[in-house]
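Residue numbering for the sequence shown follows my numbering, beginning at -3 and increasing consecutively.
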Amino acid sequence: MAAYVARRVLAGVPVLFLVVTAVFFAFQLIPGDPARAFLGPEATPDVVERVRRELGLDRPVIVQYASYLRRLVQGDLGRSIMTRRDVSLELAAPFLSTVKLSVASIVLATVVGVLLGTVAAVRQGSAWDHLASIVALLGISIPVFWLGLLMMYLFSVNLRILPSAGDDTWRHYVMPTISLATFSLAFIARMTRSSLLEVIRQDYVRTARAKGAPEWRVVGYHALRNALLPVVIVVGLRFGYMLGGAVVIEQVFAWPGLGRLLVAAVGQRDIPLIQGILLLFATSFVLVNLIVDLLYGFLDPQIRYR
């Protein structure tokens, strides 16, 4: 198991290096001067040049890249152009808010999605199966921002029972969590249904029924435990996407997370802050995938033996 963990960890290192390189050079291809964009069109050339020197933009690109890598190794993400504070300090609180929203959404999506998929598979062809399929189809089809706006109009504007912005209490989590979880919930439900239908036709499941085991034990212990192996991968991937894809939901509900911070940084052309956010998104996705790989290897020993 230790060798399997070491291989998976080492495999993530070149991915992170490529991400860092891509993030850096992508901004070199964007036309315009970040110093001029930050200072505005009325700034004098002397002031623009001074800011360029402060940011290191007057040096060759390869020198800037080497300096960027050296600072990353030391844990230095640079300084924000907007606030002049360390990027790591700017990212701490928004990243925690995004993680809390993503965790709440993936827990809701996993619990409800697995339950819907299990009911649909066990009651294949019944009204419950059709209802679960309709819910899954709607969840995949409805844009999350449109669902969020509908919920805001109903529960915040008309009924006035839920707040429309912020993250102060549990009531602030209800609408953003449901909106962000909808697509993943539908995807997990469909994956659970198809995987469970394949498993319950296996010989060992029929043998368990022939021995007189209760149906709940046959489904819950024998079938569902093996059917959830591919679902684990889906849950991990969806959680990674949530961390990086909550930008729209955070804008709709004024959620103080990385998504809103990214939009503000793009508007101000704050390149160090944008690079830090993108790098944090990419690192989080790589780490989530690493955890999923390790968990899948733990659940299925054949994976790590291969």
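Where is the CB? At the ideal position from N, CA and C, for every residue including glycine.
Opposing strand residues paired with residue i [DSSP bridges]
{"i": "Arg75", "result": "Asp82"}
Beta-carbon contacts of residue i that lie in its chain and below 6 Å, excluding the five residues immediately before and after
{"i": "Val170", "result": "Leu158"}
{"i": "Leu275", "result": "Val19"}
{"i": "Ser84", "result": "Leu73"}
{"i": "Gly109", "result": "Leu181, Ile184, Ala185"}
{"i": "Phe141", "result": "Val244, Val248"}
{"i": "Gly148", "result": "The sequence given here has Met at residue 148, not Gly. Around Met148: Ser160."}
{"i": "Ser93", "result": "Asp163, Pro252, Gly253"}
{"i": "Ser152", "result": "Leu158, Ser160"}
{"i": "Glu50", "result": "none"}
{"i": "Val11", "result": "Val282"}
{"i": "Ala278", "result": "Val15"}
{"i": "Glu64", "result": "One point to set straight first is that residue 64 is Tyr, not Glu, in the sequence displayed. Contacts found: Phe20."}
Continuous alpha helix (DSSP H) stretch holding residue i: start and end
{"i": "Tyr61", "result": "57 to 69"}
{"i": "Ala242", "result": "Run containing Ala242: none; DSSP gives neither H nor E here."}
{"i": "Arg189", "result": "170 to 195"}
{"i": "Leu134", "result": "123 to 137"}
{"i": "Val140", "result": "140 to 147"}
For residue j and residue i, believed in contact at Cβ under 8 Å, the rounded distance
{"i": "Val284", "j": "Gly236", "result": "4 Å"}
{"i": "Ala132", "j": "Ala182", "result": "4 Å"}
{"i": "Val288", "j": "Val228", "result": "6 Å"}
{"i": "Ile245", "j": "Leu134", "result": "No, Ile245 and Leu134 are not in contact; Cβ-Cβ is about 18 Å, not under 8 Å."}
{"i": "Arg189", "j": "Ala116", "result": "5 Å"}
{"i": "Trp251", "j": "Asp163", "result": "6 Å"}
{"i": "Gln271", "j": "Phe23", "result": "7 Å"}
{"i": "Gln247", "j": "Gly240", "result": "With 8 Å as the limit, Gln247 and Gly240 do not qualify as a contact, their Cβ atoms being about 14 Å apart."}
{"i": "Val282", "j": "Gly8", "result": "5 Å"}
{"i": "Ser76", "j": "Glu86", "result": "5 Å"}
{"i": "Val16", "j": "Leu53", "result": "No, Val16 and Leu53 are not in contact; Cβ-Cβ is about 19 Å, not under 8 Å."}
{"i": "Arg234", "j": "Ile58", "result": "About 38 Å; that fails the 8 Å criterion."}
{"i": "Arg4", "j": "Leu286", "result": "6 Å"}
{"i": "Leu104", "j": "Thr203", "result": "Leu104 to Thr203, Cβ: 35 Å. No contact."}
Three-way DSSP call (helix, strand, coil) for residue i in this model
{"i": "Asp163", "result": "coil"}
{"i": "Ile157", "result": "coil"}
{"i": "Glu38", "result": "coil"}
{"i": "Trp251", "result": "coil"}
{"i": "Gly232", "result": "helix"}
{"i": "Gln264", "result": "helix"}
{"i": "Pro210", "result": "coil"}
{"i": "Gln24", "result": "helix"}
{"i": "Arg119", "result": "coil"}
{"i": "Asp54", "result": "coil"}
{"i": "Gln198", "result": "coil"}
Cutoff 8 Å; reference residue i; Cβ partners in own chain excluding five residues on either side
{"i": "Pro90", "result": "Pro252, Gly253, Leu254, Arg256, Leu257"}
{"i": "Gly71", "result": "Ser84"}
{"i": "Asp82", "result": "Asp72, Leu73, Gly74, Arg75, Ser76"}
Other residues of its chain near residue i: CB distance less than 7 Å, five sequence neighbours each side excluded
{"i": "Thr178", "result": "Gly135, Ile138, Val140, Leu143"}
{"i": "Leu192", "result": "Gly113, Thr114, Ala117, Ala219, Leu220, Ala223"}
{"i": "Asp125", "result": "Ala116, Arg119"}
{"i": "Arg167", "result": "Leu158, Pro159"}
{"i": "Asp266", "result": "Ser76, Ile77, Met78"}
Check: residue i C-beta below 7 Å from any heavy atom of the ligand GDP
{"i": "Gly113", "result": "No copy of the ligand GDP occurs in the structure displayed, which carries no ligand at all."}
Cβ of residue i within 8 Å of any chain D Cβ
{"i": "Gln264", "result": "The structure shown contains no chain D, having only a single protein chain."}
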